[in-house]
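Chemist: Quick one: this structure, given as structure tokens, is what I'll be asking you about.
Protein chains in written order, with full-length UniProt numbering: chain W, 1 to 189; chain S, 1 to 207.
Shown next as structure tokens:
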């Protein structure tokens with residue numbers, strides 16, 4: 001305990017008691033203040049400085065032979081293409097660009113809750129229902145989002161869109177780097 | 001008499017227990033805290049809602065700054081760092097003294113061609129991390145040192161007998177244009193590293 005014994009032995013009885021009472025306790029308030037200040041500091045810095053990360057798996061580059069086959073087999077009703085342009089612009093379409101699905105013609109959207117997410121969520125549920133109803137589809141089949149970043153897109157755009165994929169629980173998505181001139185035209189003003 | 005006693009009791013609370021607890025917690029947080037590392041390049045990472053934490057050991061971080069070729073390389077783990085430098089010095093015929101190797105093992109990320117690495121090692125930590133001092137690790141097609149750093153780091157990891165392969169993280173600035181990130185991803189993918197982490201900041205729930 002924080003008690004200090006003073007070596008004060010001289011003097012009368014009354015005086016001795018008085019001096020003991022004065023020194024019996026050290027004021028710890030300032031020390032506690034300091035300790036809590038430091039605790040707060042270390043608590044905040046430890047939890048905030050730990051970086052977060054987003055895991056990204058890309059397909060193997062070497063077995064490109066299988067890719068085109070797979071893409072042809074995929075039902076166009078299940079694909080949604082998102083083209084990321086410069087100046088935080090997005091154009092998306094459902095199905096093929098030339099013959100889009102009903103309600104899926106190339107449309108401009110914004111990032112975030114009110115923009116692209118609504119469209120993705122709508123299609124996640126509708127395509128899942130479509131796949132369940134269709135005969136011959138495997139369980140787990142659902143929407144396939146094809147992300148096509150153009151050269152003007154920023155890294156933030158890419159992470160934002162990948163984040164949307166995680167938020168919306170899109171079953172399958174891929175980053176595709178070959179952009180057709182028609183698609184490029186969508187995002188160039 | 002009784003009145004005086006009462007007032008004396010209430011004048012100060014016994015802080016000893018509180019102080020004990022406070023210092024216990026303080027010790028805990030100091031010991032668990034990892035010091036924030038000063039970085040030679042300011043990177044404003046994009047934010048995401050995904051909350052995967054990065055591993056503490058066996059992690060290679062490639063930091064990509066906003067500038068032209070600002071690519072910095074960092075390996076976590078002293079043994080791997082030392083071994084990687086030894087393998088790189090063999091490859092590029094640039095020799096380092098034992099002291100330099102020890103110093104390199106303690107360093108953080110660097111962004112210089114291997115030819116001028118020893119001058120960076122000699123500097124003090126504060127000088128070294130001045131923004132704009134280090135030009136970045138070259139990674140163009142003629143002189144792709146970044147590729148070799150990645151390759152030798154993996155080699156060093158295997159030679160040290162670690163079972164787990166290294167993890168790779170890309171820490172890019174939010175304003176970077178996509179082709180530059182793509183180039184880094186391509187360098188990784190050329191070595192069959194198809195899974196890696198993108199370092200992001202925290203974003204609020206209601207995004």
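By construction, the Cβ of each residue, glycine as well, lies at the ideal position given by its N, Cα and C atoms.
To the nearest angstrom, report how far apart residue 122 (chain S) and residue 100 (chain S) are at their CA atoms.
Modeler: 8 Å
Chemist: Mind checking if residue 127 (chain S) is an interface residue toward chain W, Cβ cutoff 8 Å exclusive?
Modeler: no
Chemist: Using 8 Å for Cβ pairs, my map puts residue 211 (chain S) next to residue 55 (chain W). What's the rounded Cβ distance?
Modeler: Given a span of 1 to 207 for chain S in the structure shown, any question on residue 211 (chain S) remains unanswerable.
Chemist: Looking at chain S, which residues of the region 124-145 of chain W have a Cβ within less than 8 Å of any of its Cβ atoms?
Modeler: none
Chemist: Could you work out which residue in W:118, W:39, W:82 and W:138 is closest to residue 157 (chain W) when comparing CA atoms only?
Modeler: Among W:118, W:39, W:82 and W:138, the Cα nearest to that of residue 157 (chain W) is on W:82.
Chemist: As an exercise, report each continuous beta strand (DSSP E) stretch of at least 3 residues that is fully enclosed by the region 105-182 of chain S, in chain order.
Modeler: 167-172
Chemist: For chain W, check one thing: does any of its Cβ atoms lie closer than 8 Å to the Cβ of residue 43 (chain S)?
Modeler: no
Chemist: Less than 6 Å between C-beta atoms, sequence neighbours within five positions excluded: which residues of the same chain meet that for residue 127 (chain W)?
Modeler: 78, 142 and 143
Chemist: Residues of chain S with a CB under 7 Å from the CB of residue 75 (chain W): which are they?
Modeler: Neighbours of residue 75 (chain W) on chain S: none; closest Cβ ~26 Å, over 7 Å.
Chemist: Can you round the beta-carbon distance between residue 16 (chain S) and residue 28 (chain W) to whole angstroms, since I take them to be within the 8 Å contact cut?
Modeler: 6 Å
Chemist: If you draw a straight line from the alpha carbon of residue 60 (chain S) to that of residue 167 (chain S), how long is it in whole angstroms?
Modeler: 6 Å
Chemist: Use the C-beta contact count for residue 192 (chain S): other C-beta atoms within 10 angstroms, 16 or more gives buried, fewer gives exposed.
Modeler: Result: exposed.
Chemist: Return no unless some Cβ of chain W is closer than 8 Å to the Cβ of residue 181 (chain S).
Modeler: yes
Chemist: Taking residue 172 (chain S) as the query, report the chain W residues whose CB atoms sit under 8 Å from its CB, ordered along the chain.
Modeler: 155
Chemist: With DSSP run on the structure shown, which of helix, strand or coil describes residue 114 (chain W)?
Modeler: coil
Chemist: In chain S, which residues lie less than 8 Å from residue 83 (chain W) when you measure between Cβ atoms?
Modeler: Near residue 83 (chain W) there are no residues of chain S at all, since even the closest Cβ is about 12 Å away, more than 8 Å.
Chemist: If you draw a straight line from the alpha carbon of residue 102 (chain S) to that of residue 160 (chain W), how long is it in whole angstroms?
Modeler: The straight-line gap from Cα to Cα measures roughly 40 Å.
Chemist: Identify, in the order they occur along the chain, each residue of the same chain with its Cβ nearer than 7 Å to the Cβ of residue 195 (chain S), setting aside the five sequence neighbours on each side.
Modeler: Answer for residue 195 (chain S): no residue qualifies.
Chemist: Between the C-alpha atoms of residue 175 (chain S) and residue 124 (chain S), what's the straight-line distance to the nearest angstrom?
Modeler: Answer to the nearest angstrom: the Cα atoms are 30 Å apart.
Chemist: Determine the burial state of residue 164 (chain W): buried for a count of at least 16 other Cβ atoms within 10 Å of its Cβ, exposed for fewer.
Modeler: buried
Chemist: What do you get for residue 142 (chain S), buried or exposed, if any count of 16 or more other CB atoms within 10 angstroms of its CB means buried?
Modeler: exposed
Chemist: Mind checking whether residue 189 (chain S) and residue 87 (chain S) have CB atoms under 8 Å apart?
Modeler: If you check the CB distance, residue 189 (chain S) and residue 87 (chain S) do not come in under 8 Å.
Chemist: Please specify which runs of the beta strand (DSSP E), each continuous and at least 3 residues long, are wholly inside the region 76-161 of chain W, giving them in chain order.
Modeler: Listed in chain order, the beta strand (DSSP E) elements of length 3 or more contained wholly in the region 76-161 of chain W are 79-84, 90-94, 107-109 and 144-149.
Chemist: Can you tell me the Cβ-Cβ gap for residue 135 (chain S) and residue 111 (chain S), rounded? I've got them flagged as a contact below 8 Å.
Modeler: 7 Å
Chemist: Counting only runs that start and end within the region 5-85 of chain S, where is the beta strand (DSSP E) found for 3 or more residues in a row?
Modeler: 59-64 and 71-75
Chemist: Where residue 84 (chain S) and residue 115 (chain S) are concerned, what is the direct C-alpha to C-alpha distance, given to the nearest angstrom?
Modeler: 15 Å
Chemist: Quick one: which chain W residues come within Cβ less than 7 Å of residue 18 (chain S)?
Modeler: 32
Chemist: Measure the CB-CB distance between residue 104 (chain S) and residue 81 (chain S) and report whether it falls below 8 Å.
Modeler: Between residue 104 (chain S) and residue 81 (chain S), the C-beta gap is smaller than 8 Å, which places the two residues in contact.
Chemist: What residues in the region 156-177 of chain W bring their beta carbon closer than 8 Å to a beta carbon of chain S?
Modeler: 156, 157, 158, 159, 160, 162, 163, 166, 167 and 177
Chemist: Looking only at its chain, what residues have a beta carbon closer than 6 Å to the beta carbon of residue 130 (chain S), apart from the 5 residues adjacent to it on each side?
Modeler: none
Chemist: Using three-state DSSP, classify residue 199 (chain S) as helix, strand or coil.
Modeler: strand
Chemist: Determine the DSSP secondary structure at residue 52 (chain W), reduced to helix, strand or coil.
Modeler: strand
Chemist: According to DSSP, simplified to helix, strand and coil, what is residue 179 (chain W)?
Modeler: coil
Chemist: Does the beta-carbon distance from residue 177 (chain S) to residue 61 (chain W) come in below 8 Å?
Modeler: no
Chemist: Taking residue 189 (chain W) as the reference, give the member of W:162, W:91 and W:41 with the closest Cα.
Modeler: Closest in alpha carbon position to residue 189 (chain W), among W:162, W:91 and W:41, is W:91.
Chemist: Would you mind stating whether residue 170 (chain S) and residue 184 (chain S) have Cβ atoms separated by less than 8 Å?
Modeler: yes
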